[in-house]
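Using full-length UniProt numbering, the first residue of the sequence shown is number 1, and each one after it goes up by one. Remarks on the structure that follows.
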Amino acid sequence: MVTGIDISEAMLVKAREKAARENLCINFCCADANELPFEDETFDAAVSLSALEFSSDLKKTLLDIYRVLKPGGRMVIGLIGGGSAWSRYYEKKAKKDPESVFRHAHFRTLDELIAAMPGKNVQGKAVLFIPPDFNFEDREKALELEREAQRQGREDGGFICALSYKHLK
C-alpha cells in the first residue's frame, strides 16, 4: 500500500483526484512531516519530492521520516537546490507575490541535504543545470548543458536528491 501525506487539505484533494483518474490505490492523509502519525518501522520506503523546502528544521523532519522506516528501508529526498538558478527564480517570485508559497521555502544545497540525512550509505546528486528561462524546445542543447555540468562535478543544480538506508537491527 502506498501512503501519501500533505499538510494542505487542498493539495490532498488534487492528489486524490489525480490518483482516481490514474486508477491508483493510494491512502492519503493530512499530516505534518515533522510529526508523522505513523508507528515506528511502518514503511519499506519513503520518498519526498519538492516538499521539504517548507520544513524549517530539515534534520528533525528527516529523523521522523527515518523513524517510520523499517530496518533496511530506503529514504529518497528531492529538493529544489539552494544556490541554483531555480532557487533564485522561486525566491524572486516570492518577493514579487506576497501570496506565493515560496515565501516560506528554505532552499538547501546538496551538501546541506546530505549532512542532514540520517542512515547509512548516504548518496546525493545534483541535476537540472538548465536555467528557468531556457528554451526547452532545444533538447540537444539542454542535454549538452546537463552533460557538461555533470562532467564538471557541479553541485548547484536546480534539483538535488539524496538516498539513505535505515540500519538493520
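Think of the CB as a built atom: it goes at the ideal place given N, C-alpha and C, for glycine as much as any other residue.
So if DSSP puts residue i in a beta bridge, which residue, or which two residues, is it bridged to?
| i | result |
| --- | --- |
| V47 | V76 |
| T3 | N27 |
| K120 | Y165 |
| G82 | DSSP, once it has assigned bridges, lists no residue as partnering G82. |
In this structure, how does DSSP classify residue i when only helix, strand and coil are distinguished?
| i | result |
| --- | --- |
| F107 | coil |
| L24 | coil |
| residue 172 | Not covered by the structure: residue 172. The range shown for the chain is 1 to 169. |
| T61 | helix |
| A94 | helix |
| S8 | coil |
| S87 | helix |
What number of angstroms, rounded off, separates the C-alpha of residue i from the C-alpha of residue j?
| i | j | result |
| --- | --- | --- |
| A142 | K169 | 44 Å |
| G4 | A116 | 22 Å |
| F102 | A94 | 5 Å |
| I160 | G81 | 5 Å |
| R67 | F38 | 9 Å |
| G158 | T109 | 10 Å |
| Y89 | K96 | 11 Å |
| E99 | D57 | 22 Å |
| M91 | A46 | Note that residue 91 corresponds to Glu in the displayed sequence, not to Met. C-alpha separation (whole angstroms): 27 Å. |
| K18 | E140 | 32 Å |
| N34 | F134 | 35 Å |
| L62 | P118 | 7 Å |
| D156 | E9 | 33 Å |
| residue 170 | F136 | Missing from the structure shown is residue 170; the chain here goes from 1 to 169 and no further. |
Quick one: using the 10 Å Cβ neighbour count with 16 as the cut-off for buried, is residue i buried or exposed?
| i | result |
| --- | --- |
| I7 | exposed |
| D64 | buried |
| G72 | exposed |
| S50 | exposed |
| F129 | buried |
| L69 | buried |
| G153 | exposed |
| L79 | buried |
| L36 | buried |
| F107 | buried |
| K14 | exposed |
| A20 | exposed |
| K166 | buried |
Determine, for residue i, whether the minimum Cβ-Cβ distance to residues of chain C falls below 7 Å.
| i | result |
| --- | --- |
| F159 | Any reference to chain C falls outside this structure, which holds one protein chain only. |
message: To test your reading of the DSSP string, which unbroken beta strand (DSSP E) runs of 3 or more residues are found completely within the segment 122 to 167?
response: Complete beta strand (DSSP E) runs here, min 3: 159 to 165.
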